[in-house]
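J.:
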Amino acid sequence: MKAPWRPALLDSCKLILILVFAFTGIQAQEMHDHPAPEKLGKVSFPISCTPAAQDEFNRSIALLHSFAYSAAGASFQKVAVTDPHCAIAHWGVAMSCFHQLWGPEVAPTCLANANQEIKTAQSLGSSNAREGGYIQALSLIFKDADSLPFSARDHKYEEAMATLAHDNHDDVEAQVFYALALISNADLTDKTHARQKKALAILEPLDRTYPEHPGITHYIIHACDSSELAPRGLAAARKYAKIAPSAPHALHMPSHIFTRLGIWQDSIASNLAAGKAAREQGDTGEELHSMDYLVYAYLQLGRYDDARKVLDHLESMKNLGSGDFKASYAATAMPVRFAVEQRHWDEAARIDPIPGSPPDVAAIAVWSKGIGRTRNQHTTDVRKELTDLQRYEDQLHNAGSEYWATQVRILRVEVTAWAAQANARPKQAEDLMRTAADEEDAMEKSPATPGPIVPAREQLGELLLEQHRPSDAAVEFRASLVNAPGRRGAIQGLSKLPQTAGE
Numbered sequence: 222m223k224a225p226w227r228p229a230l231l232d233s234c235k236l237i238l239i240l241v242f243a244f245t246g247i248q249a250q251e252m253h254d255h256p257a258p259e260k261l262g263k264v265s266f267p268i269s270c271t272p273a274a275q276d277e278f279n280r281s282i283a284l285l286h287s288f289a290y291s292a293a294g295a296s297f298q299k300v301a302v303t304d305p306h307c308a309i310a311h312w313g314v315a316m317s318c319f320h321q322l323w324g325p326e327v328a329p330t331c332l333a334n335a336n337q338e339i340k341t342a343q344s345l346g347s348s349n350a351r352e353g354g355y356i357q358a359l360s361l362i363f364k365d366a367d368s369l370p371f372s373a374r375d376h377k378y379e380e381a382m383a384t385l386a387h388d389n390h391d392d393v394e395a396q397v398f399y400a401l402a403l404i405s406n407a408d409l410t411d412k413t414h415a416r417q418k419k420a421l422a423i424l425e426p427l428d429r430t431y432p433e434h435p436g437i438t439h440y441i442i443h444a445c446d447s448s449e450l451a452p453r454g455l456a457a458a459r460k461y462a463k464i465a466p467s468a469p470h471a472l473h474m475p476s477h478i479f480t481r482l483g484i485w486q487d488s489i490a491s492n493l494a495a496g497k498a499a500r501e502q503g504d505t506g507e508e509l510h511s512m513d514y515l516v517y518a519y520l521q522l523g524r525y526d527d528a529r530k531v532l533d534h535l536e537s538m539k540n541l542g543s544g545d546f547k548a549s550y551a552a553t554a555m556p557v558r559f560a561v562e563q564r565h566w567d568e569a570a571r572i573d574p575i576p577g578s579p580p581d582v583a584a585i586a587v588w589s590k591g592i593g594r595t596r597n598q599h600t601t602d603v604r605k606e607l608t609d610l611q612r613y614e615d616q617l618h619n620a621g622s623e624y625w626a627t628q629v630r631i632l633r634v635e636v637t638a639w640a641a642q643a644n645a646r647p648k649q650a651e652d653l654m655r656t657a658a659d660e661e662d663a664m665e666k667s668p669a670t671p672g673p674i675v676p677a678r679e680q681l682g683e684l685l686l687e688q689h690r691p692s693d694a695a696v697e698f699r700a701s702l703v704n705a706p707g708r709r710g711a712i713q714g715l716s717k718l719p720q721t722a723g724e
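Sequential numbering from 222 applies to the sequence shown in this note's numbering.
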């Protein structure tokens, strides 16, 4: 017997299924379109302001620890609006103008506002002595800015933070901000990394207790950004992007350790994510910084087409010669890396400084010109390039920027060495390049760079290879790979040698 109800039941089932799938599809679309929840890590900075201000203040601190300075400043402003008597909120706004690990440390456009915010914090005062300590310490950065060099003010700030941390053992934030002050004041000529290790002695125990704190993890990576300490920072690098994926800098920062260890594929993944997030958030400086590390990693893997795509995007960007070192450095370094690492000497010789670039950045483009002109043997006359480099070096020296004056001097000596080689003066060329390599090896790189365009020690290996001295070249290539593991130039240099020399 046929069941007369079955077709009707089937039709009803079909209708139900259609409705279920349609509803599920709508839900899936809504879930897809809804932005991911903000994730910046976990911090707790108790304040004496109104309870309504506490959550936003914690968010502000989390943003600050991931160097999302503009967003942090805006967030601290919201706290100040929520509680007009909250002095520590104005400390936060001023703190967002203090960029401790790259220049300018206090942007000239931000100085006046930051100074006013600190004065507002001081005039409001705080019944909480600990909050007063934060305000007093930061005021030292802006006090006497017209007469006292920044480095002197920064050391005063560090001393004040040391006292605050000592007097408030249970204040995690005091310990973390003090550790950052130690790292920011580390002498880049100190190869013992004494301040970095002192900071790690503070941060590593805290990391075990507060594993999702963005500042602790972030500053461990910065403290370990050296050949000696990089392995010690790998665990922090592996987790930072998971702690604070809403901050572009947190997505990028692991690549500092990956670059130090030659883990190129992980560096690429890190910087692709960071660049995308920075672009979506309108953070051009962070996008450029990530792009520079991305190009560096692509070149080490020989992925030249991928590196070229990044440069194509760079060419579409505007106003790249700003006073922001991180941004202008990256915009200058990328095309130089692309040309020099592939030995496209004519292309390297055509690179000009970006108008408005500071001298320590413009020098990289002039170095590219000098290297390109000498190494393609089209000319042995690089007097103009050497004059320009000397001028930049003098400007930096007169401005009290001894670290960057030394870096420019190294670039000048490298160009002089290649000119000597082109002029058939091999002994002079070797002596000059060895001097450059020794001086470069005695210093750490800036936190704003992946490293020299080409390490001087690697260039010394190339020079000795041109002089038909394979055994001596092998020694220098191997030494270069100790400081910069996985660099393609040194590896290729060794591959060109007889097995007895470059095995």
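Backbone N, C-alpha and C fix where the C-beta goes; we use that ideal spot for every residue, glycine too.
Measuring CB to CB, does A458 end up less than 8 Å from F479?
T.: Yes, Cβ-Cβ distance for A458 and F479 is below 8 Å.
J.: Classify G313 as buried or exposed, calling it buried when 16 or more other Cβ atoms lie within 10 Å of its own Cβ.
T.: Buried, by the Cβ-count rule.
J.: Assign R429 to buried or exposed, taking buried as 16 or more other Cβ atoms, counted over all protein chains shown, within 10 Å of its Cβ.
T.: Exposed, by the Cβ-count rule.
J.: Return the chain-ordered ranges of every alpha helix (DSSP H) run that is complete within the region 460-487 and spans a minimum of 4 residues.
T.: The region 460-487 contains these whole alpha helix (DSSP H) runs: 469-473 and 475-482.
J.: Note down, one range per segment and in chain order, each alpha helix (DSSP H) of at least 4 residues found wholly within the region 579-619.
T.: The qualifying runs are 580-596 and 604-619.
J.: Can you confirm whether the region 701-718 touches the region 667-676 when touching is taken to mean that 3 or more C-beta pairs between the two stretches lie within less than 8 Å?
T.: Yes: the two stretches touch, three or more of their Cβ pairs being nearer than 8 Å.
J.: Report the residue ranges of all alpha helix (DSSP H) runs contained in full by the region 647-681; include only those spanning at least 4 residues, in chain order.
T.: Listed in chain order, the complete alpha helix (DSSP H) runs (minimum 4 residues) inside the region 647-681 are 647-662.
J.: For F288, name the three-state secondary structure that DSSP assigns.
T.: Of the three classes helix, strand and coil, the one that applies to F288 here is coil, per DSSP.
J.: Taking W566 as part of the alpha helix (DSSP H), name the residues at either end of that continuous run.
T.: Taken as a continuous stretch (DSSP letters only), the alpha helix (DSSP H) holding W566 covers W566 to A570.
J.: Of all the options Q563, Y624, I585 and R604, which has the alpha carbon lying nearest to the alpha carbon of A641?
T.: Minimum Cα distance to A641 is reached at R604.
J.: From what residue to what residue does the alpha helix (DSSP H) around K399 run?
T.: According to the sequence displayed, residue 399 carries Tyr and not Lys. First-last of the alpha helix (DSSP H) with Y399: V393 to S405.
J.: Among the residues of its own chain, which have a CB less than 6 Å from the CB of A498, if the five just before and after it don't count?
T.: Around A498: P469 and L472.
J.: Based on the DSSP secondary-structure assignment, which residues constitute the bridge partners of F770?
T.: With the chain covering 222 to 724 only, the question about residue 770 has no answer from this structure.
J.: Given this structure, state the Cα-to-Cα distance separating L532 from I423, to the nearest angstrom.
T.: Using only the alpha carbons, I get a separation of about 40 Å.
J.: Do you know offhand how far A554's Cα is from P267's?
T.: The alpha-carbon atoms of A554 and P267 are separated by roughly 43 Å.
J.: Rounded to a whole number of angstroms, what is the C-alpha to C-alpha distance between E536 and M474?
T.: Cα to Cα, E536 sits roughly 24 Å from M474.
J.: Between L653 and N644, what straight-line distance do the alpha-carbon atoms span, to the nearest angstrom?
T.: In a straight line, the C-alpha of L653 is about 14 Å away from that of N644.
J.: Would P576 be called buried (16 or more neighbouring beta carbons within 10 Å of its own) or exposed?
T.: Under this definition P576 is an exposed residue.
J.: Determine the closest residue to S317 out of L285, A342, A586 and D304, with distance taken between C-alpha atoms.
T.: Of the candidates L285, A342, A586 and D304, the one whose C-alpha sits nearest the C-alpha of S317 is L285.
J.: So is A243 buried or exposed if we call it buried at 16+ other beta carbons inside 10 Å?
T.: Because A243 carries a pLDDT of 38, less than 50, the predicted location of this residue cannot be relied on, and no value is offered for it.
J.: Please report how far the alpha carbon of I247 lies from the alpha carbon of K463, in whole angstroms.
T.: Unreliable placement is indicated for I247, whose pLDDT of 33 sits below 50; the coordinate value is still reported in the next sentence. Roughly 29 Å between the two C-alpha positions.
J.: Looking only at C-alpha atoms, which of L427, P466 and R416 sits nearest to C445?
T.: Among L427, P466 and R416, the Cα nearest to that of C445 is on R416.
J.: Under the assumption that I362 contacts F319 (Cβ atoms under 8 Å), give the Cβ distance between them as a whole number of angstroms.
T.: About 6 Å separates the two Cβ atoms, so the contact holds.
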